[in-house]
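Participant: I have a structure here, written as structure tokens, and I will follow up with some questions on it.
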Amino acid sequence: MRRVVIPVRETEVAPRFDLAAEVWIGLQGPEGSFVEERTVVLPQASADHLCQLILSEGAQVLVCGGIEQKYYEYLVWKKVRVYDGVIATLASAKKALEEGTLTPGAILMARHFTG
Amino acid sequence: MASTRRALISGLFRHPVECAAVFNDLPDALVFLSPDRRVLYLNRAAEVLTGLSDPEARGLPCRHVVRSNMCSAQCPVDDVARDAGPVCRQADVINRDRQRVPVRLCCVTLRDLRGAVVGFMEVLEDLRPFEALETRKGQAYQFGGIVGRSPAMERLFAVLPGIAQTDSSVLITGETGTGKDFLAEAIHQLSARSKGPFVKVNCGALPETLLESELFGHQKGAFTGATENKPGRFRLAHNGTLFLTEIGDLPLPLQVKLLTFLDDHVIYPLGSTKGIRVDVRIIAATHRDLQDMVREGKFRQDLLYRLNVVRVHIPPLRERGEDVRLLMDHFLAAFVSDFHKQIKGFSKDALKCLLDYPYPGNVRELKNIIEYAVNVCQEETIQMHHLPSYVTEISVKAAGPSPEVRERDGGEVLPEEALGAGVGKGVSWGVMERRLILDALVRAKGRRGRAAQILGWGRSTLWRKMKQHGLMDGDEG
Chain A
1 MRRVVIPVRE TEVAPRFDLA AEVWIGLQGP EGSFVEERTV VLPQASADHL CQLILSEGAQ
61 VLVCGGIEQK YYEYLVWKKV RVYDGVIATL ASAKKALEEG TLTPGAILMA RHFTG
Chain B
1 MASTRRALIS GLFRHPVECA AVFNDLPDAL VFLSPDRRVL YLNRAAEVLT GLSDPEARGL
61 PCRHVVRSNM CSAQCPVDDV ARDAGPVCRQ ADVINRDRQR VPVRLCCVTL RDLRGAVVGF
121 MEVLEDLRPF EALETRKGQA YQFGGIVGRS PAMERLFAVL PGIAQTDSSV LITGETGTGK
181 DFLAEAIHQL SARSKGPFVK VNCGALPETL LESELFGHQK GAFTGATENK PGRFRLAHNG
241 TLFLTEIGDL PLPLQVKLLT FLDDHVIYPL GSTKGIRVDV RIIAATHRDL QDMVREGKFR
301 QDLLYRLNVV RVHIPPLRER GEDVRLLMDH FLAAFVSDFH KQIKGFSKDA LKCLLDYPYP
361 GNVRELKNII EYAVNVCQEE TIQMHHLPSY VTEISVKAAG PSPEVRERDG GEVLPEEALG
421 AGVGKGVSWG VMERRLILDA LVRAKGRRGR AAQILGWGRS TLWRKMKQHG LMDGDEG
């Protein structure tokens, strides 16, 4: 079992870790599927508070968009596996986690060319 | 752009030009967006800034590519889409390398020939080089090319960044050669107007009639020879800074016009009844005492009050103590590098001579002296004979030729260095002379013969002057 945190913006992985006002938290079972999930609304967007939340939740995995090096290093030092630079909807990120195919910098979002 | 769809600039040149070839050579990051804010194209600078390549970014929502702090709450595209005109904001982006990059983000709407919105263009200017510059400017010994670490300059450097950030009028005072122009430009460069123009006008350089047209512009036919509309410096400085140097030389009628502008920010070009609103910050500079000029009726008091919102005084070099040495080394290093010389420093004599020189022309004079010396010097060290003769002559005079020679030459000659170093505004010659005598007596440890030698006077002249200034002991007088 491992706990996963994904800062979100509406239905997407938040483009920036420090500006996320919502966090999706899921508990991933041994088979990979999520057995428990909830969403927490943060009182304010703050990278520091988000780090505290991740640690207080005892999360082992963070999936996020852009994150500053200092927060990345801090979380890695705290033994959190960080998949950063992910461009995805929450659903596609969860699916990739369940399938074990998620990588840092993954682009899982559908592209539209309307220019 | 895309390999399948090559975007072209057509109708401008004889043959269509491929956009990508042009955009990729630009230093600023360009991001083209569709009306639903998906990325259509990133130029090379944008690829470097965001860390995503053009093919990776294409078709994705721009908030995931640009990752600016404006994206979630104050998306600039929202503003331009509301027809608010181009938007330009300071922002930051977090790139794929996990760096937070400060940027200036400008956004414009792109329309087709019928005026329908076809997309948006974002221009992101990387501000990291400027940030590094500002950090350097923050160091107490340098601000926008002005070097100094004396307490007077440290105090000045401490307040300047704050002054730069405001939009208030600034009045810079200081003797000639102290760096008023440098300071004005540095204030502009550090201000939010730094991307706007910095327009300099020397108020003393043109006759009144020409100056009015130069400053405020004129309408075609306003006077004989006005064959074209002229915008004037105020309009050229729109969104930027207008630097009025030698403001003390501004003729009285133009002072009234400037006063009107400072009140309502509207200018009236010559021959026009229609006012034009311009957004200009005024920085004025003068080496004159404007208070004195007000008393003499040569400068309007109300204009002085309006310009004097923030007053910055640059001290003369003689009041900057250790800065002389700092500046000598600074200019030496600069000129040695410019002229590809191998000069390592100053000889003991040359150093003493330069440190003792009063520099009536202030930093500009010191810079010229060092430039001359670096030009002339073919050795590793600048010697006395590499310095301009007027500098060394003063040094020789200060060392003191025989009293007889001085007496023969008029007897009343005082060392010029002392004149430069001590004369302050509002100090009478009598006070100055008394101070010189006291200084010389202190340096001579009370020996009058030596003091007379230092002053270049005969003993009898010194005795007479001491008596005149009441410097004799009671039983002597």
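So the sequence lines, in the order shown, correspond to chains A and B.
Note that the numbering used here has the first sequence beginning at 1, numbered continuously upward.
Note that the numbering used here has the second sequence beginning at 1, numbered continuously upward.
For glycine and all other residues, C-beta sits at the position ideal for the given N, C-alpha and C.
#1: Between the alpha carbons of Ile107 (chain A) and Arg38 (chain B), how many angstroms are there, rounded?
#2: Answer yes if the stretch 175-187 of chain B comes into contact with the stretch 369-383 of chain B, meaning at least three C-beta pairs across the two stretches below 8 Å, and no otherwise.
#3: Tell me the DSSP secondary structure of His469 (chain B) in three-state form.
#4: If we ignore side chains and look at the alpha-carbon of each, how far apart do Val76 (chain A) and Ala81 (chain B) end up?
#5: Considering only the beta carbon of each residue, do Leu127 (chain B) and Met109 (chain A) sit closer than 8 Å?
#6: I'd like to know if Pro7 (chain A) contacts chain B, where contact means its C-beta is closer than 8 Å to some C-beta of that chain.
#7: Rounding to the nearest angstrom, what Cα-Cα distance links Ile282 (chain B) and Val117 (chain B) in this structure?
#8: Check the C-beta distance from Glu208 (chain B) over to Leu254 (chain B) and give it rounded, since I have them as a contact under 8 Å.
#9: What residues in the stretch 95-108 of chain A have a beta carbon less than 7 Å from any beta carbon of chain B?
#10: What are the start and end residues of each continuous beta strand (DSSP E) run of 3 or more residues lying completely inside the stretch 225-303 of chain B, in chain order?
#11: In chain B, which residues lie less than 7 Å from Glu68 (chain A) when you measure between Cβ atoms?
#12: Opposite Asn362 (chain B) in the DSSP bridges: which residues?
#13: Under 8 Å Cβ to Cβ from Pro104 (chain A), same chain only, skipping five residues before and after it: list those, please.
#14: Along chain A, which residues have their Cβ under 7 Å away from the Cβ of Val72 (chain B)?
#15: Using only the alpha-carbon positions, how far apart do Pro360 (chain B) and Val442 (chain B) sit?
#16: Just reading off the alpha helix (DSSP H) that Gln165 (chain B) is part of, what are its end residues?
#17: Is Val117 (chain B) helix, strand or coil when you go by DSSP?
#18: Suppose you measure from the CA of Ile163 (chain B) to the CA of Ile314 (chain B); what does that come to, to the nearest Å?
#19: Residues of chain B with a CB under 9 Å from the CB of Pro30 (chain A): which are they?
#20: Please classify Cys51 (chain A): does DSSP put it in a helix, a strand, or coil?
#21: Does the beta carbon of Pro15 (chain A) come closer than 8 Å to any beta carbon on chain B?
#22: Buried or exposed: which applies to Lys94 (chain A), given that a residue is buried once 16 or more other Cβ atoms fall within 10 Å of its Cβ?
#23: Need the endpoints of the beta strand (DSSP E) that Pro16 (chain B) sits in, please.
#24: Kindly list the residues whose CB is nearer than 8 Å to the CB of Ala451 (chain B), restricted to its own chain and excluding five residues on each side of it in sequence; keep chain order.
#25: Report the rounded CA-to-CA distance for Ile382 (chain B) versus Met328 (chain B), giving the unit in angstroms.
#26: Here's the rule: buried if 16 or more other CB atoms are within 10 angstroms of the residue's CB, otherwise exposed. What is Met535 (chain B)?
#27: Apart from the five residues just before and just after Lys79 (chain A), which ones in its own chain have a Cβ nearer than 8 Å to its Cβ?
#28: Beta-carbon separation of Val309 (chain B) and Ser168 (chain B) under 8 Å?
#29: Tell me where the alpha helix (DSSP H) around Leu210 (chain B) begins and ends.
#30: So, are the CB atoms of Val376 (chain B) and Lys341 (chain B) less than 8 Å apart?
#31: In the DSSP assignment, find the alpha helix (DSSP H) that holds His330 (chain B) and state where it starts and stops.
#32: Does the Cβ of Asn69 (chain B) have 16 or more other Cβ atoms within 10 Å, making it buried, or fewer, making it exposed?
#33: At a Cβ threshold of 8 Å, is Asp84 (chain A) touching chain B?
#34: Looking at Glu31 (chain A) and Ala47 (chain A), is the spacing between their C-beta atoms short of 8 Å?
#35: Drop a sphere of 10 angstroms on the beta-carbon of Leu171 (chain B), count the other beta-carbons inside from all chains shown, and report buried for 16 or more, exposed for fewer.
#36: Going by the beta-carbon positions, is the gap between Phe198 (chain B) and Gly145 (chain B) smaller than 8 Å?
Facilitator: Reading it off the structure:
#1: 14 Å
#2: Taking 8 Å as the limit for Cβ pairs, the verdict is that the stretch 175-187 of chain B does not touch the stretch 369-383 of chain B.
#3: coil
#4: 41 Å
#5: In this structure, Leu127 (chain B) keeps its C-beta atom at 8 Å or more from the C-beta atom of Met109 (chain A).
#6: Chain B contact via Cβ: absent.
#7: 38 Å
#8: 7 Å
#9: Gly105, Ile107
#10: 240-245, 280-286
#11: Ile94, Arg98, Arg100
#12: BP columns for Asn362 (chain B) are empty, so no partner.
#13: Val82, Tyr83, Asp84, Gly85, Val86
#14: As written in the sequence, residue 72 (chain B) is Ser, which differs from the Val given in the question. Here the neighbours are Arg9, Leu19.
#15: 24 Å
#16: 151-165
#17: strand
#18: 14 Å
#19: Going along chain B, no residue has its Cβ under 9 Å from Pro30 (chain A), so there is no contact; the nearest lies around 32 Å.
#20: helix
#21: Yes - at least one Cβ of chain B is within 8 Å of the one on Pro15 (chain A).
#22: buried
#23: Looking at the DSSP string, Pro16 (chain B) is not in any beta strand (DSSP E), and its letter there is neither H nor E.
#24: Excluding positions up to five away in sequence, the list reads Ile437, Ala440, Leu441, Arg443, Ala444, Leu462.
#25: 11 Å
#26: In the structure as shown, chain B begins at 1 and stops at 477. Residue 535 (chain B) is therefore absent and cannot be evaluated.
#27: Gln60
#28: Here Val309 (chain B) is near Ser168 (chain B), since their CB atoms are less than 8 Å apart.
#29: From DSSP, the alpha helix (DSSP H) with Leu210 (chain B) extends over 208-216.
#30: no
#31: 323-339
#32: buried
#33: Yes, contact with chain B.
#34: Cβ atoms of Ala47 (chain A) and Glu31 (chain A): not closer than 8 Å.
#35: Burial call: buried.
#36: no
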